[in-house]
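Trainee: Residue numbers (this note's numbering), protein chains in the order written: chain Y, 144 to 383; chain U, 43 to 441.
Quick reminder that beta carbons are idealized off the backbone N, C-alpha and C, glycines included.
Here the structure is a predicted model, which means the values were calculated and not measured.
1. Between residue 237 of chain Y and chain U, is the shortest Cβ-Cβ distance under 8 Å, so that the two count as touching?
2. Does the CB of residue 345 of chain U have a neighbour CB from chain Y at under 8 Å?
3. Check each residue of the stretch 163 to 184 of chain Y: if its Cβ is closer than 9 Å to any Cβ of chain U, include it; give the result in chain order.
4. Any beta-carbon of chain Y closer than 8 Å to the one on residue 432 of chain U?
5. Following the continuous alpha helix (DSSP H) through residue 371 of chain U, name the residue where it begins and the one where it ends.
6. Could you compute how far the alpha carbon of residue 368 of chain Y sits from the alpha carbon of residue 300 of chain Y?
7. Which residues in the same chain as residue 66 of chain U place their Cβ atom closer than 7 Å to its Cβ, once the five residues preceding and following it in sequence are excluded?
8. State yes or no: is the beta carbon of residue 263 of chain Y nearer than 8 Å to at least one beta carbon in chain U?
9. Can you tell me whether residue 203 of chain Y is helix, strand or coil according to DSSP?
10. Which full runs of the beta strand (DSSP E) of 3+ residues lie inside the stretch 286 to 361 of chain U, going along the chain?
11. Tell me the DSSP secondary structure of residue 143 of chain U in three-state form.
12. Excluding the five sequence neighbours on either side, which residues of its own chain have a C-beta within less than 6 Å of the C-beta of residue 259 of chain U, listed in chain order?
13. At a cut-off of 7 Å, would you count residue 192 of chain U as near the ligand NAP, judging by its Cβ distance to the nearest heavy atom?
14. With 16 other CB atoms within 10 Å as the buried threshold, where does residue 374 of chain U fall?
15. Could you work out which residues of chain U lie near residue 372 of chain Y, taking near to mean beta carbons separated by less than 7 Å?
16. On a Cα-Cα basis, can you pick out the residue from U:94, U:322, U:311 that is closest to residue 367 of chain U?
17. List the residues of chain Y whose Cβ lies closer than 8 Å to the Cβ of residue 341 of chain U, in chain order.
18. Give a yes or no on whether the C-beta atoms belonging to residue 193 of chain Y and residue 229 of chain Y are separated by under 8 Å.
19. Taking DSSP as the reference, what is the three-state secondary structure of residue 172 of chain U?
20. Considering only DSSP beta bridges, list what residue 248 of chain U is partnered with.
21. Give the residues of chain Y in contact with residue 238 of chain U, contact being defined as C-beta atoms less than 8 Å apart.
22. Would you list, in chain order, the members of the stretch 218 to 248 of chain U that have their beta-carbon closer than 7 Å to a beta-carbon of chain Y?
23. Drop a sphere of 10 angstroms on the beta-carbon of residue 160 of chain Y, count the other beta-carbons inside from all chains shown, and report buried for 16 or more, exposed for fewer.
24. Determine the extent of the beta strand (DSSP E) in which residue 382 of chain U is found, giving its start and end residues.
25. What did DSSP end up calling residue 108 of chain U once you bin it into helix, strand or coil?
26. Taking 8 Å as the cut-off, does the stretch 125 to 134 of chain U touch the stretch 242 to 262 of chain U (at least 3 CB pairs, one atom from each stretch)?
27. Check the Cβ-Cβ distances between residue 425 of chain U and every residue of chain Y, and say whether any is below 8 Å.
28. Under 9 Å between beta-carbons, which chain U residues line up against residue 355 of chain Y? List them in chain order, please.
29. Verify the CB distance criterion: does residue 212 of chain Y have a CB-CB separation below 8 Å to chain U?
30. If residue 165 of chain U and residue 199 of chain U are in contact, beta carbons under 8 Å, what's the gap, nearest whole angstrom?
31. Starting from residue 421 of chain U, find everything on chain Y with Cβ-Cβ shorter than 9 Å and list it in chain order.
32. For the stretch 194 to 208 of chain Y and the stretch 342 to 358 of chain Y, state whether three or more C-beta atom pairs, one from each stretch, are separated by less than 8 Å.
33. List the DSSP bridge partners of residue 415 of chain U.
34. Does residue 338 of chain U come within less than 8 Å of chain Y when only Cβ atoms are used?
35. Excluding sequence positions up to five away, which residues of its chain have a Cβ less than 7 Å from the Cβ of residue 349 of chain U?
36. DSSP on residue 241 of chain U, reduced to helix/strand/coil?
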């Protein structure tokens, strides 16, 4: 049965754009009428250090804040989260709820047979895929990995469409945005890579869209049940 | 842009001047999606702020930076970076004593470094605003939300309000100036939020238009005269009574401290009006269990309250919005019929539980449980709150 609210945990490494992805995910969900909240959690701000982001989406008001201890969905942005324990929880799937989903960005299967046994027992579906390679193929840069992951998430969810993702991405890159020094530097790196900001948005959208199609097909193939109920289930006028 | 451009109708940046009632209750609002740091910029933008002093420390650096952008955009009169937090809070005092509506922000260790200034602020009766984005304090070290620092501020004579989310931070930081500047109140105000849980969290928020702003602060209505060419900074600071070493000096010190605390109490009717009450209660009226909390802990308790309803247990959440003044009457009224009171907190000492226990002592038979408590930036899932409820009461799931 689809849930009235879900929590998504995104363990990543500093510089991969998980904070950006979580914010875009929440903005996109807000656009189609869900209640949505996103927040990051990090220690010293440096590249390749553990950095987590969280998005909560629901058809009911969301009060829960901070780290997601009991996630419905886990998105692993980098193999080192698993192989080197670069996350705030060990094992990486600690706290995962039944009927959940794990998306892992890796070119190799990183799960032990014990991991698989446990996740199977919880009816958690796992998708391992090299989304960094996917991003390089689609956008020409590994910096679009977060967009591929984002598209993959929404393809699996199926209740937040591509135009909403577009809104979220435009909100992030066209509006004046508050970012820490590190993020501002990465923004300028990626902006230089593409001649124009609109090119950047176009490439990001293409990447997210292709990943959306990929996981939408995968979800059908593995029989993934609908995780989150439709935004039309929001009762009455949405309150803040 | 200059203060000379002020008119009766518009401030120096051309915003139409409106009453606080219009700003908070009447102006049409539109939905935005932003973080706590971003919303503080929006609040300051609408407050005709004369001065702001900043110093970077996570998690309030973005907010401080954004107030600086407001200065660059012409909305804030003066903006500069202090030498450190002690310098910042001293400079805030100087600006405020000179008659400027002044705001600053800090977090965690910055708060403690600046400590001497806070009771000095209240003693000089300045109506400045500190937005505290709570973070752990040393040692070892945490940059994550942990509001232990608030316990250090409780007896400084400053008002302390606590906002739960991005929306409340916006509304409270506007109301804060207005309440602090009432001539019969006129004490500093500390508007607190939990760092990261509010400062870095992006969520929906309703904002009035940005072409309106609060009327300017009138320093000539202050209980202590502002600095001008006749009046040195705070006569009693320059020429303190204690130098006389007679009985009057001690009596003055004692009575002035009473007066500062009375001024904080006198803020209650204003705060009740502009905050729509000092405490907000949600959940079941005939609850057996009450959660008394502030800030993010209130949010987490609401999540637990919703789960308890599903499990057949009646509960309510009493969210305290002002800590100084402490809402004794509102708290007692809200919990008078409950059997159990839980005080979930994001610090290890349980300062709110102490406040609640002291307030209810001899007036309420409910069992008070100061749990769960998490610290150092750990989160407080509803599951942890439910576990405490079932372990500390005779209640059963599905009863």
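Mentor: With the structure as the only source:
1. For the purposes of this step, residue 237 of chain Y is taken as the residue at position 94 of the first chain. It does not: the Cβ of residue 237 of chain Y has no partner Cβ on chain U nearer than 8 Å.
2. Within the second chain, residue 345 of chain U is the residue found at index 303, counting from 1. Yes, residue 345 of chain U lies at the interface with chain Y (some Cβ there is under 8 Å from its Cβ).
3. Residues of the stretch 163 to 184 of chain Y whose Cβ lies closer than 9 Å to any Cβ of chain U, in chain order: 165, 166, 169, 170, 173, 174, 178, 179, 180, 181, 182, 183, 184.
4. The count along the second chain starts at 1 and reaches residue 432 of chain U at position 390. Answer no: the Cβ-Cβ gap between residue 432 of chain U and chain Y never drops below 8 Å.
5. As a first step, residue 371 of chain U is located in the second chain; it is residue number 329 there, counting from the start. 370 to 377 is the span of the alpha helix (DSSP H), which, as asked, contains residue 371 of chain U.
6. Sequence index remark: in the first chain, residue 368 of chain Y carries index 225 (1-based). Sequence index remark: in the first chain, residue 300 of chain Y carries index 157 (1-based). A straight line joining the alpha-carbon of residue 368 of chain Y with that of residue 300 of chain Y spans about 9 Å.
7. Here the question's residue 66 of chain U lines up with position 24 in the second chain. Contacts found: 213, 216, 217, 316.
8. Against the first chain, residue 263 of chain Y aligns to sequence position 120. So, not an interface residue.
9. Here the question's residue 203 of chain Y lines up with position 60 in the first chain. The answer is coil: DSSP assigns residue 203 of chain Y none of H, G, I, E or B.
10. Segments of the beta strand (DSSP E) lying fully in the stretch 286 to 361 of chain U: 321 to 325, 331 to 335.
11. Residue numbering aside, residue 143 of chain U sits at position 101 when the second chain is read from its first letter. Taken through DSSP and simplified to helix, strand or coil, residue 143 of chain U comes out as coil.
12. For the purposes of this step, residue 259 of chain U is identified with residue 217 of the second chain, where counting begins at 1. Around residue 259 of chain U: 143, 223.
13. The ligand NAP is absent from the structure shown, which contains no ligands of any kind.
14. Locating residue 374 of chain U in the second chain gives position 332, where the first residue counts as 1. The residue is exposed, with fewer than 16 neighbouring Cβ atoms inside 10 Å.
15. Residue 372 of chain Y sits at position 229 when you count from the first residue of the first chain. Correct list: empty, because the minimum Cβ distance to chain U is about 16 Å.
16. Taking the second chain and counting its residues from 1, one reaches residue 367 of chain U at position 325. The shortest C-alpha separation from residue 367 of chain U is found at U:311.
17. As a working mapping, residue 341 of chain U is identified with position 299 in the second chain. Think of a sphere of 8 Å around the beta carbon of residue 341 of chain U: the chain Y residues whose beta carbon falls inside it are 206, 207, 208, in chain order.
18. The residue given as residue 193 of chain Y occupies position 50 in the first chain. The residue given as residue 229 of chain Y occupies position 86 in the first chain. Taking a C-beta distance under 8 Å as the contact criterion, residue 193 of chain Y and residue 229 of chain Y qualify as a contact pair.
19. To locate residue 172 of chain U, count along the second chain from 1; it is residue 130. For residue 172 of chain U, the secondary structure class from DSSP, reduced to helix, strand or coil, is strand.
20. As a working note, residue 248 of chain U is residue 206 in the second chain. In DSSP, residue 248 of chain U forms a bridge with U:73.
21. Along the second chain, read from residue 1 onward, the residue named residue 238 of chain U stands at position 196. 182, 183, 184, 209, listed in chain order.
22. The residues in question are 238, 239, 242, 243, 244, 245, 246, 247, 248.
23. Position 17 of the first chain, counted from the start, is the residue given in the question as residue 160 of chain Y. With 16 or more other CB atoms across the displayed protein chains lying within 10 angstroms of its CB, residue 160 of chain Y is buried.
24. Within the second chain, residue 382 of chain U is the residue found at index 340, counting from 1. Segment 382 to 384, the beta strand (DSSP E) holding residue 382 of chain U.
25. Indexing the second chain from 1 puts residue 108 of chain U at position 66. The answer is helix: DSSP assigns residue 108 of chain U an H, G or I state.
26. The stretch 242 to 262 of chain U vs the stretch 125 to 134 of chain U: no contact.
27. As a working note, residue 425 of chain U is residue 383 in the second chain. At a cut-off of 8 Å between beta carbons, residue 425 of chain U contacts chain Y.
28. Stepping through the first chain from its first residue, residue 355 of chain Y is reached at position 212. Residues of chain U passing the Cβ test: none, with the nearest at roughly 21 Å.
29. Within the first chain, numbered from 1, the residue matching residue 212 of chain Y stands at position 69. It does: the Cβ of residue 212 of chain Y has a partner Cβ on chain U nearer than 8 Å.
30. Here residue 165 of chain U is taken as the residue at index 123 of the second chain, counted from 1. Here residue 199 of chain U is taken as the residue at index 157 of the second chain, counted from 1. The C-beta distance from residue 165 of chain U to residue 199 of chain U rounds to 7 Å, short enough to meet the 8 Å contact threshold.
31. By 1-based counting over the second chain, the position of residue 421 of chain U is 379. Those are 184, 207, 208, 209, 210, 211, 212, listed as they occur along chain Y.
32. Flag = no, the stretch 194 to 208 of chain Y and the stretch 342 to 358 of chain Y do not touch.
33. In the second chain, residue 415 of chain U corresponds to position 373, counting from 1. Paired residues: U:387.
34. Position 296 of the second chain, counted from the first residue, corresponds to residue 338 of chain U. Closer than 8 Å to the CB of residue 338 of chain U there is at least one CB belonging to chain Y.
35. Within the second chain, the letter at position 307 stands for residue 349 of chain U. The answer, listed in chain order, is 424, 428.
36. Looking up residue 241 of chain U in the second chain gives position 199. Secondary structure at residue 241 of chain U: coil, using DSSP grouped into helix, strand and coil.
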